[in-house]
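A.B. asks: In UniProt numbering, the protein residues as written are 1 to 218. Once you've had a glance at the structure underneath, I'll fire off some questions.
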């Protein structure tokens with residue numbers, strides 16, 4: 001089927017890594033998971049109803065008719081990095097944000113999608129991950145195949161706590177763009193894990209086993 005490869009991927013030797021695909025309402029989370037997943041993605045979409053009137057901002061996405069009410073799930077194997085990423089797409093509607101902390105459990109990083117037409121909708125997701133110390137990168141989804149702003153302009157507008165947080169321009173429909181963003185995120189996760197490992201006392205640490213294969217690479 002379009003968007004994913006149903007052939008069996010060699011996942012048995014790869015380290016499993018849980019990644020969140022997050023962002024506000026209608027920024028392209030489901031689209032990205034569908035585009036990059038090597039298995040048929042699990043979706044929990046429902047049709048938008050009158051319950052969202054006055055709550056869900058459809059400005060700029062008037063054609064949107066479905067919304068994620070629990071999560072999206074997909075998988076992609078990055079053989080060159082020695083990991084298999086399990087992708088969990090968060091619900092974007094505010095009334096479902098209570099699920100985010102549950103989805104956060106066990107995650108090593110997040111790809112936060114933003115829509116520059118409605119940039120304020122990205123602030124809650126960024127605040128969420130900054131406050132919890134989870135590594136993340138920002139993906140500015142280029143709707144209609146164009147992006148009027150540079151990555152630097154978007155980063156400045158988002159007021160990121162860490163100015164080194166990558167901001168990437170991508171098309172959520174593109175498997176290549178999505179894969180590139182996930183590889184970039186993995187680099188950030190590994191870099192932060194290495195930094196933490198060099199400054200903490202020896203002993204068992206969370207996520208060590210999941211990253212062992214990647215951290216052992218030069």
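By construction, the Cβ of each residue, glycine as well, lies at the ideal position given by its N, Cα and C atoms. Owing to the predicted nature of the structure, the values given are computational and were not obtained by experimental measurement.
1. Measuring alpha carbon to alpha carbon, tell me which of 199, 141, 126, 173 ends up nearest residue 165.
2. Quick check: what's the CA-CA separation for residue 13 versus residue 80?
3. Taking C-alpha atoms, which residue in 171, 194, 187, 197 lies nearest to residue 30?
4. Classify residue 183 as buried or exposed, calling it buried when 16 or more other Cβ atoms lie within 10 Å of its own Cβ.
5. Answer with buried or exposed for residue 198, where buried requires no fewer than 16 other C-beta atoms within 10 angstroms of its C-beta.
6. Under a Cβ-count criterion, where at least 16 other Cβ atoms within 10 Å of its own Cβ denotes burial, should residue 116 be classed as buried or exposed?
7. Classify residue 145: buried if its beta carbon has 16 or more other beta carbons within 10 angstroms, exposed otherwise.
8. Tell me, please, which residues DSSP counts as bridged to residue 135.
9. Looking at C-alpha atoms only, which residue of 136, 23, 38, 34 is the closest neighbour of residue 91?
10. Please list, in chain order, all residues of the same chain as residue 21 whose beta carbon is under 8 Å from its beta carbon, the five residues on each side excluded.
11. In angstroms, rounded to a whole number, what distance separates the CA positions of residue 161 and residue 185?
12. For residue 171, name the three-state secondary structure that DSSP assigns.
13. Start and end of the alpha helix (DSSP H) containing residue 113?
14. Can you find the residues in the same chain that come closer than 6 Å, C-beta to C-beta, to residue 35, ignoring five residues on each side of it along the sequence?
C.D. replies: Let's see:
1. 126
2. Cα to Cα, the separation comes out at about 12 Å.
3. 171
4. exposed
5. Exposed: under 16 other Cβ atoms inside 10 Å.
6. buried
7. Residue 145 should be labelled exposed.
8. According to DSSP, residue 135 bridges with nothing at all.
9. Of the listed residues, the one whose Cα sits closest to residue 91 is 23.
10. 29, 32, 33, 72, 87, 88, 89, 90, 110, 111, 113
11. Rounded to the nearest whole angstrom, the C-alpha separation of residue 161 and residue 185 is 17 Å.
12. coil
13. Segment 107 to 114 is the beta strand (DSSP E) holding residue 113; no alpha helix (DSSP H) there.
14. For residue 35, where only same-chain residues beyond five positions count, the Cβ hits under 6 Å are 3, 173, 175, 178.
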